[in-house]
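Okay, structure first, notes after.
In my numbering, the protein residues as written are 3 to 289.
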């Protein structure tokens, strides 16, 4: 059974609508899917409706932003109660923080002579689909390209929006412990997203994993798309050492050869799989 537990839609910073994500995943052979948009559940009703008549199971998913050690990290939650009061309250705060963050990015860009960034990023976002969520950095990157401030999105991130740059604003996120607590209160299974994406030393990454476990996390995302094979191997070692579960996903945002639904490096055969704990798996096994 092909599984993908990490993907995004226009409800956050993806290029396809939730329904398009579901249909594309099904067409690529995925039979267990989690839509994990950033800090929002808005895409889940449309995604769930799109599964009608298809042999694919959708589970509730989300990717929450958090602060740890002065850096932004992400935690993935699965199979939770989407109406849990603690989760709904936390998401309302995160959405307000995202709008404040977007306004601050625009203010900083304007200070460098790049006016109209918030309106421009919002226009880019609306072209992809209707959303009440704040525009994210990929939307700002596209605005910068269209306005002639960057050659392409890669340069926009390298010069203005990437880690440590002017648009890398962190102060609006809850702590790692708070994010995990929110997901636990909703009954979620919780995975630390793409631990190798953070610019950490090996010892700092181990401390992050230790704090994630102490907070109540369950799994590591051992395979995130086509990350280097040695990274998958190193994360597999951490799963074995700390007695965690293993998760995997494409981290799909838009169709291209390097990021596709259901596409990620295979997990080592000996790892305990997070999705075997989901009740949905037993239904999927019969599909």
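Idealized CB from N, CA, C, for every residue including glycine.
In this text the structure is predicted, and so the values were computed from the model without any measurement.
Coil, strand or helix - residue i by DSSP
i	result
residue 288	Note that residue 288 scores 44 on pLDDT, short of 50, meaning its location in the model is unreliable and no value can be drawn from it.
residue 215	helix
residue 15	coil
residue 22	helix
residue 159	helix
residue 256	coil
residue 261	strand
residue 151	coil
residue 239	helix
residue 73	strand
residue 40	strand
residue 55	coil
residue 273	coil
residue 29	helix
residue 146	helix
residue 210	helix
Counted within 10 angstroms of its Cβ, other Cβ atoms place residue i as buried (16 or more) or exposed
i	result
residue 3	exposed
residue 54	exposed
residue 239	exposed
residue 220	buried
residue 57	exposed
residue 260	exposed
residue 201	exposed
residue 280	buried
residue 205	exposed
residue 287	With a pLDDT of only 46 at residue 287, under the threshold of 50, the placement of this residue in the model should not be trusted; the figure read from the coordinates follows. Answer is exposed; the Cβ neighbour count stays below 16.
residue 20	buried
residue 150	exposed
residue 274	exposed
residue 16	buried
residue 203	exposed
residue 38	buried
residue 33	buried
residue 83	exposed
residue 63	buried
residue 128	exposed
residue 278	exposed
residue 94	exposed
residue 28	buried
residue 98	exposed
Host alpha helix (DSSP H) of residue i (start-end)
i	result
residue 101	87-113
residue 251	That residue, residue 251, is in no alpha helix (DSSP H); its beta strand (DSSP E) goes 247-251.
residue 123	119-130
Range covered by the beta strand (DSSP E) that runs through residue i
i	result
residue 65	59-70
residue 221	221-226
residue 33	32-37
residue 183	Premise fails: residue 183 lies in the alpha helix (DSSP H), 178-187, not in any beta strand (DSSP E).
residue 194	191-194
residue 6	4-6
CB-CB length for residue i against residue j, believed under 8 Å
i	j	result
residue 14	residue 138	6 Å
residue 229	residue 267	7 Å
residue 181	residue 108	26 Å between Cβ atoms; not a contact.
residue 111	residue 143	So it is not a contact: roughly 11 Å between Cβ atoms.
residue 226	residue 8	7 Å
Would you be able to state if there are at least three C-beta pairs under 8 Å between the stretch 206-214 and the stretch 250-266?
Counting Cβ pairs under 8 Å, fewer than three are found: no touch.
With contact counted as at least three CB pairs below 8 Å, one residue from each stretch, are the stretch 146-156 and the stretch 171-186 in contact?
no
Evaluate the contact criterion for the stretch 226-236 versus the stretch 84-97: three or more CB pairs, one atom per stretch, below 8 Å.
no
Three or more C-beta pairs below 8 Å linking the stretch 108-119 and the stretch 78-86
no
Can at least three beta-carbon pairs, one atom from the stretch 109-116 and one from the stretch 127-136, be found at a separation below 8 Å?
Contact annotation: the stretch 109-116 does not touch the stretch 127-136, with fewer than three C-beta pairs closer than 8 Å.
Below 8 Å, can you find three or more Cβ-Cβ pairs linking the stretch 38-50 to the stretch 240-247?
Because the criterion of three Cβ pairs below 8 Å is not met, the stretch 38-50 and the stretch 240-247 do not touch.
How do the stretch 178-198 and the stretch 161-169 stand: do at least 3 beta-carbon pairs fall below 8 Å, yes or no?
no
Is the stretch 58-73 close to the stretch 24-35, with three or more CB pairs under 8 Å?
Cβ pair count under 8 Å is three or more, so yes.
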